């Protein structure tokens, strides 16, 4: 029996996902055939099928990778003493992620697909609810610490922090020469001034 | 010679655009054939061709309608005495527009298409630059009036007001029972606190 090397499996999986992301960003989910993903990844359909049985399973893996990336940012900061600072730093790191052009274009694509494909929407909503729940927990902690204004509902504030991060993706894709470091003081100000008493 | 009734022409044009918007929101631009637009609009391909020679020309008309809707909001408020109030009210009306579910879904679709189709991107960028330019003019007026903080560059502030409005579209599509009136105090606060000294 042949042994399976988990590192090689992961490298192959990554190779397919990178090729697929590139195809989707250029042609959209619907405009991309599995044949063109195979060509971009330099492998046969049979080989691709071994890792991802359908195009939908590739999209799911990409959505899950996005989920993992945001989850990591929250985990890094959730333990911070000062909840308001944690929220500010999470938003900054999220913007840094969003300012990566391929991530930004794939986010728009996943969003458009999720708005009409129930399976992708379900995946998207699980992630969305998780991120929102984590943001609400941090806002509530900030309120208890006396740093965040209790006058506004935490779930409404969480919605607008997410809207801001999602809206950033559009700026990255459509503003030529988007420079994150120039923008950073503005979104730090938005977060702090909106949340503070 | 047959007379052309401009009202009838406009009604027919509207009928096609509404049918196309419905198809695009459900199946995406690429997943929608002109045949399915004809079926939804209840007209023959020859008749549709008379109004819109290509699918791309329908997408262009939809993007132009979006452009017109935001331009109207700016025109309504640009004459207001107090620039900060004008900006706040423009953002509120923009959110009201974005909270219309069909508008929101088509916005996501236009954004995704614009990120990979150069013709749609060019159209999108003309609108984007116009909106941003108008926002910058208002911010500069607010600075001269002493109501808006001169410490931050007007073009950076304009980017984030646009990001907020564009991010709102995602919340409308993905948050079940999105209630605009509940959210209104939050985005009024974001705009005012971010811009004020």
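Residue numbers (the numbering used here), protein chains in the order written: chain R, 1114 to 1310; chain W, 1114 to 1310. For each residue, glycine too, the CB sits at the ideal point set by N, CA and C. Here the structure is a predicted model, which is why all the values come from computation and not from measurement.
Opening and closing residue of the alpha helix (DSSP H) in which residue i lies
i               : result
residue 1248(R) : 1231-1257
residue 1310(W) : No alpha helix (DSSP H) contains residue 1310(W), which DSSP labels as neither H nor E.
residue 1168(W) : 1168-1191
residue 1194(W) : From DSSP, residue 1194(W) is part of no alpha helix (DSSP H); its letter is neither H nor E.
residue 1226(W) : 1214-1227
residue 1289(R) : Element bounds for residue 1289(R): n/a, residue is neither H nor E.
residue 1145(R) : Residue 1145(R) -> no alpha helix (DSSP H), and no H or E assigned at all.
residue 1155(W) : Counting along the chain, residue 1155(W) falls outside any alpha helix (DSSP H), and DSSP gives it neither H nor E.
Chain W within 9 angstroms of residue i, Cβ atoms only
i               : result
residue 1140(R) : yes
residue 1163(R) : no
residue 1186(R) : no
residue 1238(R) : yes
residue 1168(R) : no
residue 1241(R) : yes
Proximal chain R residues relative to residue i, where beta-carbon distance stays under 8 angstroms
i               : result
residue 1221(W) : 1221, 1224, 1225, 1228
Residue i: contacting residues in chain W (beta-carbon distance under 7 angstroms)
i               : result
residue 1306(R) : 1306, 1307
residue 1144(R) : 1143
Chain R contact for residue i (CB, 9 angstroms cutoff)
i               : result
residue 1218(W) : yes
residue 1131(W) : no
residue 1234(W) : yes
Closer than 9 angstroms at the beta carbon, the chain W residues around residue i
i               : result
residue 1265(R) : 1298, 1299, 1302
residue 1135(R) : Simply none; closest approach about 12 angstroms.
Contact set between residue i and chain R, taken where Cβ atoms lie within less than 7 angstroms
i               : result
residue 1269(W) : 1295, 1296, 1299
Residue i Cβ short of 8 angstroms to the ligand GDP heavy atom set
i               : result
residue 1139(R) : This structure lacks the ligand GDP, and indeed carries no ligand of any kind.
Within 9 angstroms of chain W by C-beta, residues of the segment 1271-1289 of chain R in sequence order: 1272, 1273, 1275, 1276, 1277, 1278, 1279, 1280, 1281, 1282, 1283, 1284, 1286, 1287, 1288, 1289
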